[in-house]
Amino acid sequence: MKNNIRILLVEDEPNFGAVMKNYLEISDFDVVLCKNGKEGLESFENSKYDLCILDVMMPEMDGFTLAKRIKLINADIPLIFLTAKALKEDIIQGYRLGADDYITKPFDSELLIYKIKAILSRNNGISKAPTIKQYSIGKFIFDPVLRTLTLNNQQEKLSPKESELLSLLCTNMNQILPRENALRTIWGDDNFYTTRSMDVYITKLRKYLKPDSNLSIENIHGSGFRLLQINTPFDSTK
C-alpha cells in the first residue's frame, strides 16, 4: 500500500530517472517523473505534491529556476536537489533557494529514503505541537501556528524554517541560541552547508524585524544568535 506521499521527481537522464522512480515506489511513495524543468513545472501547477526532487542541469528549465517557480506557487514545499554539481557555490545557491537538502551523485539510495522521511517528519511536525500559540515581540505579533508576523495589520507569511527559527529565538529571548542546537533541531545536521542555509534565514528574519528599532538579532561569534529586545516588554500567550 502507498503511504499517500506524492513526490515530484524531475530528472532528465531517462535510465537514472526510471531507476529512482522505481526505488521510491518500492518504498511506498507515489512518484511522478518528469524529464525536464518545463514539464516538471506544468505537473506541479496541475497536481498536489508533498515533496520535490529536482536535478539541477536539465533542458528547457534548469533545477534552480524550477525551484524558484515552485516556491512562488508553494513556499512551504520541501525541496531536495539531486545533482552531479558538487561545487560549493552551487550547493550554497541550492540552500538559498530554500532546499531542505542537496545530494550529489553518486549517492546511497537508502540514505535518500531516510532523508526524505526526516524532511517530511520535520515539516509535518512544525504545526502539530507548538507550545506557544502567539508571541508579542516588540511591535510585532508572531503566530508560529499560522506562521505569520504581523505589524500594524500588515502580515508577513513565514516559511516553515523561518517560523521554526524565529520560535527558537523567541523562546531564548535576550539569551544566546546555540548555533548547533538550532541546526540540529530544524535541519537535523550541523554541517557547513546547513550552517550557511541558516545564515540565509537569519538575514531574512532581520529584514522582517527591521521596522522595529528595538529588536535585533545579534550574531554571537563562536556561539550562536540572540534575539535582543530593548525597552519593551516581552510576552507570550500560551
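Read in order, the letters of the sequence shown are residues 596 to 833 in the numbering used here.
No residue lacks a Cβ here, since even glycine has one placed at the ideal position from N, Cα and C.
Every value quoted in this text rests on a predicted model; they were computed, and no experiment measured them.
Closest Cα partner of residue i within the set the options
i, options, result
"Phe-676", "Ser-638, Lys-643, Glu-640, Gly-632", "Gly-632"
"Asp-623", "Tyr-644, Pro-755, Ile-708, Glu-634", "Ile-708"
"Asp-650", "Asn-641, Leu-661, Ser-642", "Leu-661"
"Ala-694", "Lys-663, Ala-679, Phe-702", "Lys-663"
"Ser-808", "Phe-735, Asn-786, Thr-699, Asn-776", "Phe-735"
"Thr-678", "Val-605, Leu-744, Gln-824, Asn-767", "Val-605"
"Glu-705", "Ile-621, Thr-745, Leu-778, Pro-609", "Ile-621"
Any non-hydrogen atom of the ligand SAH within 7 Å of residue i CB
i, result
"Gly-783", "With respect to small molecules bound, the structure shown includes none, and the ligand SAH cannot be examined in it."
Whole-angstrom distance between residue j and residue i, CA atom to CA atom
i, j, result
"Arg-791", "Asp-625", "32 Å"
"Met-653", "Asp-671", "23 Å"
"Phe-639", "Ile-665", "7 Å"
"Gly-819", "Ile-771", "6 Å"
"Asp-738", "Leu-804", "14 Å"
"Leu-810", "Thr-789", "25 Å"
"Glu-813", "Ile-797", "10 Å"
"Pro-585", "Lys-799", "For residue 585 there is no data in the structure shown, the boundaries of the chain being 596 and 833."
Under the three-state DSSP convention, the category residue i falls into
i, result
"Asn-610", "helix"
"Pro-725", "Only weak support is given to the placement of Pro-725: the predicted model assigns it a pLDDT of 40, under 50, and the question is left unresolved by the model."
"Glu-813", "strand"
"Phe-787", "helix"
"Gly-693", "coil"
"Ser-818", "coil"
"Lys-752", "strand"
"Tyr-644", "coil"
"Leu-667", "helix"
"Val-795", "helix"
Sequence-distant residues of its chain with Cβ nearer than 8 Å to residue i (five each side left out)
i, result
"Ile-582", "Any property of residue 582 remains undetermined from this structure, which presents the chain solely from 596 to 833."
"Ser-642", "Arg-601, Leu-603, Val-627"
Cut-off 6 Å between Cβ atoms - residues of its own chain near residue i, not counting five sequence neighbours on either side
i, result
"Arg-845", "What the structure shows of the chain is the stretch from 596 to 833, and residue 845 is not part of that stretch, so it cannot be assessed."
"Gly-783", "Ala-713"
Counted within 10 angstroms of its Cβ, other Cβ atoms place residue i as buried (16 or more) or exposed
i, result
"Val-740", "exposed"
"Glu-634", "buried"
"Phe-611", "exposed"
"Phe-659", "buried"
"Lys-756", "buried"
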